[in-house]
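Trainee: Sharing a structure below in structure tokens format, with a few things to ask.
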Amino acid sequence: MTRLTSLAGLPETVGQPGYDRDALRPGIVHFGLGAFHRAHQAVATEQALAAAGGNWGITGVNLRSRDTEERMAPQNGLYTLLVRGPGGTSARVIGCILGVKTARDDVAAVLALLEDPGTRIVSLTVTEKAYGRDAATGGLDLAHPAIAHDLAHPEAPSGVVGFLVEGLARRRAAGLAPFTPLCCDNLPDNGHVLERLVLDFARRRDPGLAEWIAANVPFPSTMVDRITPAATEATLADAAALIGVEDAAAIETEPFTQWVIEDRFATGRPAWEAAEGVIFTDDVAPFEKMKLRMLNGSHSLIAYAGALAGLEHVFDVMEDPALAPMVRAHMAAAAATLEPLPGMDYAAYADALARRFSNRAIRHRTLQIAMDGTQKLPQRLTWPALEALQAGQPVGSFAFAVAAWMHFVEQAVAAARPLDDPQAGALAACVARVDGGSAEAMVAALSAPPGLMPPALRDNAVWTEACARALALLRAEGPRAAAVAMPLH
Ligand code: CS2
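All letters in the sequence shown, in the order written, are residues 1 to 489 by UniProt numbering.
Written out as structure tokens, the structure reads:
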């Protein structure tokens, strides 16, 4: 079978760009060209281009891995988006990604893109751990390898904060307007998180640069949502069957999509309001909290409890009679920590999440979501748990989820299985210190990594007792019996 390289000859059933791709020029640089960006922001951009045009083509950049470039470059940036719903799978070929670069191999080319006046937005989906943020202070983590390297070699950056600051420095020096950095990772107040890191880094290089950035560069916050598992052989095979040619870069996703964005851009933006699921607002924070706590918090509970139960997919957990009620209880407990959001019914949102998680056409692996626990737990579970505790609300499901993570970690260490977490070494040391110890001792040890839990939670007896109880139940009886026995108050 031949390979996807152009739009010519695609079957009529396959969606195609609704604009002249040959005339499209780049306007966005995106760091982190994984499946999620291609299923989410790129699709919104595709729809904005069809509705209103503009030179908003995307150049994708991955920091280290060459895999995406190798898959997409021979296809001129084209790829298939499969949308898998209960009613079947549809295919659309997306055209708005015009080029792909791997930063490690070509720092100069990436810096040239950032300096190009045509580049007006630099968006990011690089995962929580790539920012070099000190979890305990929220400031720059000077021990993060990319931060340390880039402060020492600012003209040859290796991480996103280093690239953004060098790119902005070059634009300032050239007398150009800045681009707008647009964080699309699952972090609360993600625009502010990024702004603080960029300013902190810039200040260490040149206080004048930091002042210029503070005065001229907006950092809009965003909430992003679309469940997008890693592509598999089945994704590629189904895409080939639907489009009639091979596609090494095909991805699959669910029908639902949501993108809530603060409308603060220095030099324009695509007409994203024309895209499905996009909401512009002055304040993303309540949407972000809702999504991180109700969707991602439940996802982490599902990931650890499911992995412990030997369940491979999210939908397997939703079909499990012992675990599914715990997931629903957690959605309700997470909703109780939220302020009312006009127009939003949290109970209906929870029902919609349960339906999305139960979609059997999306084979989202529990082990994929279980990755990087230390980076995800704070915003999803431990900070919200403290708020719940302080408001006198139930924390049983929060404690169950955190204890499931702890048991997942202790089991991996005991079996000498590698843990996919940037703090894997520190976690293994915590477990080793209380080797074979009581649940109380293990809870204390695994609560210690800085930034994982607010100190007021770590020191709260109601919380530590609930976690120890859940961990003891998980150890003695396994996740299903533990979920049933765990008191939810
Ligand atoms: C998931 C998210 O892997 C994870 O941690 O919770 O990637 C989740 O699927 C997305 O945020 C959904 O929008």
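In this text, a Cβ means the ideal position worked out from N, Cα and C, and glycines have one as well.
The structure presented is a predicted model; accordingly, all values stated were derived computationally and were not measured.
(1) Tell me, please, which residues DSSP counts as bridged to residue 227.
(2) Would you identify the three-state DSSP class for residue 40, choosing helix, strand or coil?
(3) Check whether the Cβ of residue 299 lies closer than 7 Å to any heavy atom of the ligand CS2, and answer yes or no.
(4) In terms of alpha-carbon separation, which member of 96, 253, 270 and 195 lies closest to residue 89?
(5) Determine the direct distance from the alpha carbon of residue 293 to that of residue 33, and round the result to whole angstroms.
(6) Classify residue 405 as helix, strand or coil using the three-state DSSP reduction.
(7) Tell me whether residue 526, by its Cβ, gets closer than 7 Å to a heavy atom of the ligand CS2.
(8) Can you tell me which of the three DSSP states residue 29 falls into?
(9) So which of 187, 214, 412 and 143 has the shortest CA-CA distance to residue 165?
(10) Based on the DSSP secondary-structure assignment, which residues constitute the bridge partners of residue 259?
(11) Taking all protein chains shown into account, do 16 or more other C-beta atoms lie within 10 angstroms of the C-beta of residue 283, making it buried, or fewer, making it exposed?
(12) How close, in whole Å, do the beta carbons of residue 497 and residue 313 come, if the pair is a contact with beta carbons under 8 Å?
(13) Rounded to the nearest angstrom, what separates residue 203 and residue 196 at their Cα positions?
(14) Short of 8 Å in beta carbon distance, which residues of its chain neighbour residue 371, apart from the five on each side in sequence? Order them along the chain.
(15) What does the alpha-carbon distance come out to for the pair residue 115 and residue 218?
(16) Would residue 454 and residue 386 qualify as a contact pair, given that the criterion is a beta-carbon distance under 8 Å?
(17) Taking 7 Å as the cut-off, is the CB of residue 369 close to at least one heavy atom of the ligand CS2?
(18) Could you name the residues of the same chain whose beta carbon sits closer than 7 Å to that of residue 360, not counting the 5 residues immediately before and after it, in chain order?
(19) In the DSSP output, what is residue 83 paired with across the bridge?
(20) Give me the DSSP bridge partner(s) of residue 57.
(21) Between the region 238-254 and the region 31-45, are three or more C-beta pairs nearer than 8 Å?
(22) Would the region 129-137 count as touching the region 168-176 if we require 3 or more Cβ pairs under 8 Å?
(23) Have a look at 273, 212, 198 and 220 and flag the residue whose alpha-carbon is nearest the alpha-carbon of residue 183.
(24) Taking Cβ to Cβ, would you say residue 467 is nearer than 8 Å to residue 448?
(25) Verify whether the separation of the beta carbon atoms of residue 29 and residue 161 is less than 8 Å.
(26) Are there any heavy atoms of the ligand CS2 lying less than 7 Å away from the beta-carbon of residue 279, as far as the coordinates show?
(27) Just to confirm before moving on: does the CB-CB distance between residue 185 and residue 128 stay below 8 Å?
(28) Roughly how many angstroms lie between the CA atoms of residue 228 and residue 248, to the nearest whole one?
(29) Got a sec? Which residues, its chain only, sit under 6 Å from residue 246 by beta carbon, not counting five neighbours each side?
(30) With DSSP as the reference, identify every bridge partner of residue 100, one or two as the case may be.
(31) Could you tell me if the beta carbon of residue 186 falls within a distance shorter than 7 Å of some heavy atom in the ligand CS2?
(32) Using the beta-carbon count (16 or more within 10 Å), is residue 438 buried or exposed?
(33) Hey, residue 100 and residue 69: beta-carbon distance below 8 Å or not?
(34) If you measure from the CB of residue 190, is any heavy atom of the ligand CS2 nearer than 7 Å?
(35) Apart from the five residues on each side of it in sequence, which residues of its chain come closer than 8 Å, Cβ to Cβ, to residue 318?
(36) Can we count residue 376 as close to the ligand CS2, meaning its CB is less than 7 Å from some heavy atom?
Mentor: Quick look at the numbers:
(1) Along the sequence shown, read from residue 1 onward, the residue named residue 227 stands at position 227. None; residue 227 has no bridge partner.
(2) Position 40 of the sequence shown, counting from 1, holds the residue named residue 40. In the structure shown, residue 40 sits in coil (DSSP, three-state: anything other than H, G, I, E or B).
(3) As a position in the sequence shown, residue 299 is number 299, starting the count at 1. It does: the Cβ of residue 299 is within 7 Å (strictly closer) of some heavy atom of the ligand CS2.
(4) Here residue 89 corresponds to residue number 89 of the sequence shown, with the count starting at 1. Checked all of 96, 253, 270 and 195; the closest Cα to residue 89 is 253.
(5) Locating residue 33 in the sequence shown gives position 33, where the first residue counts as 1. Locating residue 293 in the sequence shown gives position 293, where the first residue counts as 1. Spanning the two alpha carbons is a distance of roughly 25 Å.
(6) Here residue 405 corresponds to residue number 405 of the sequence shown, with the count starting at 1. Helix at residue 405.
(7) This structure cannot settle anything about residue 526, because the visible part of the chain is limited to 1 through 489.
(8) The sequence position of residue 29 within the sequence shown is 29, counting from 1. Looking at residue 29 - three-state DSSP - the assignment turns out to be strand.
(9) By 1-based counting over the sequence shown, the position of residue 165 is 165. That would be 214, whose Cα lies nearest to the Cα of residue 165.
(10) In the sequence shown, counting from the first residue as 1, residue 259 sits at position 259. Its beta-bridge partners are 224 and 278.
(11) Start at 1 with the first residue of the sequence shown, and residue 283 comes out as number 283. Exposed: under 16 other Cβ atoms inside 10 Å.
(12) Beyond the ends of the chain as shown, which are 1 and 489, falls residue 497; an answer cannot be given.
(13) Working through the sequence shown from its first residue, we reach residue 203 at position 203. Working through the sequence shown from its first residue, we reach residue 196 at position 196. Distance between the alpha carbons of residue 203 and residue 196 is about 10 Å.
(14) By 1-based counting over the sequence shown, the position of residue 371 is 371. Result list for residue 371: 420 and 421, in chain order.
(15) Numbered from its first residue, the sequence shown carries residue 115 at position 115. Numbered from its first residue, the sequence shown carries residue 218 at position 218. Near 17 Å, if we compare the C-alpha coordinates of residue 218 and residue 115.
(16) Position 454 of the sequence shown, counting from 1, holds the residue named residue 454. Position 386 of the sequence shown, counting from 1, holds the residue named residue 386. Closer than 8 Å, so yes.
(17) Position 369 of the sequence shown, counted from the first residue, corresponds to residue 369. Answer for residue 369: yes, Cβ within range of the ligand CS2.
(18) As a first step, residue 360 is located in the sequence shown; it is residue number 360 there, counting from the start. Closer than 7 Å at the Cβ level, and outside the excluded window around residue 360, lie 315.
(19) Translated into positions along the sequence shown, residue 83 becomes position 83. Note: residue 83 sits in a beta bridge opposite 90 and 253.
(20) The count along the sequence shown starts at 1 and reaches residue 57 at position 57. Note: residue 57 sits in a beta bridge opposite 26.
(21) yes
(22) no
(23) On the sequence shown, residue 183 is found 183 positions in, with the first residue counted as 1. It is 220 whose Cα lies nearest to the Cα of residue 183.
(24) For the purposes of this step, residue 467 is taken as residue 467 along the sequence shown, with counting starting at 1. For the purposes of this step, residue 448 is taken as residue 448 along the sequence shown, with counting starting at 1. No, the Cβ-Cβ distance between residue 467 and residue 448 is not below 8 Å.
(25) Translated into positions along the sequence shown, residue 29 becomes position 29. Translated into positions along the sequence shown, residue 161 becomes position 161. Cβ distance not < 8 Å, so residue 29 and residue 161 don't count as in contact.
(26) Counting from one through the sequence shown, the residue named residue 279 turns up at place 279. Incorrect: residue 279 has no Cβ contact closer than 7 Å to the ligand CS2.
(27) Here the question's residue 185 lines up with position 185 in the sequence shown. Here the question's residue 128 lines up with position 128 in the sequence shown. Contact flag set, yes.
(28) Residue mapping note: residue 228 aligns to position 228 of the sequence shown, counting from 1. Residue mapping note: residue 248 aligns to position 248 of the sequence shown, counting from 1. Distance between the alpha carbons of residue 228 and residue 248 is about 17 Å.
(29) To locate residue 246, count along the sequence shown from 1; it is residue 246. If we look at residue 246 and ignore the five residues flanking it on each side, its Cβ neighbours are 1, 3 and 240.
(30) On the sequence shown, residue 100 is found 100 positions in, with the first residue counted as 1. 60.
(31) Translated into positions along the sequence shown, residue 186 becomes position 186. Indeed, a heavy atom of the ligand CS2 lies less than 7 Å from the Cβ.
(32) Mapped onto the sequence shown, residue 438 falls at position 438. By the 10 Å Cβ count, residue 438 comes out exposed.
(33) Taking the first residue of the sequence shown as position 1, residue 100 is located at position 100. Taking the first residue of the sequence shown as position 1, residue 69 is located at position 69. Against a cut-off of 8 Å, the Cβ pair of residue 69 and residue 100 comes out as a contact.
(34) Here residue 190 is taken as the residue at index 190 of the sequence shown, counted from 1. No; taking the cut-off as 7 Å, the Cβ of residue 190 has no heavy atom of the ligand CS2 nearer than that.
(35) Translated into positions along the sequence shown, residue 318 becomes position 318. If we look at residue 318 and ignore the five residues flanking it on each side, its Cβ neighbours are 302, 324, 327, 354, 357 and 358.
(36) The residue you call residue 376 lines up with position 376 of the sequence shown. Indeed, a heavy atom of the ligand CS2 lies less than 7 Å from the Cβ.
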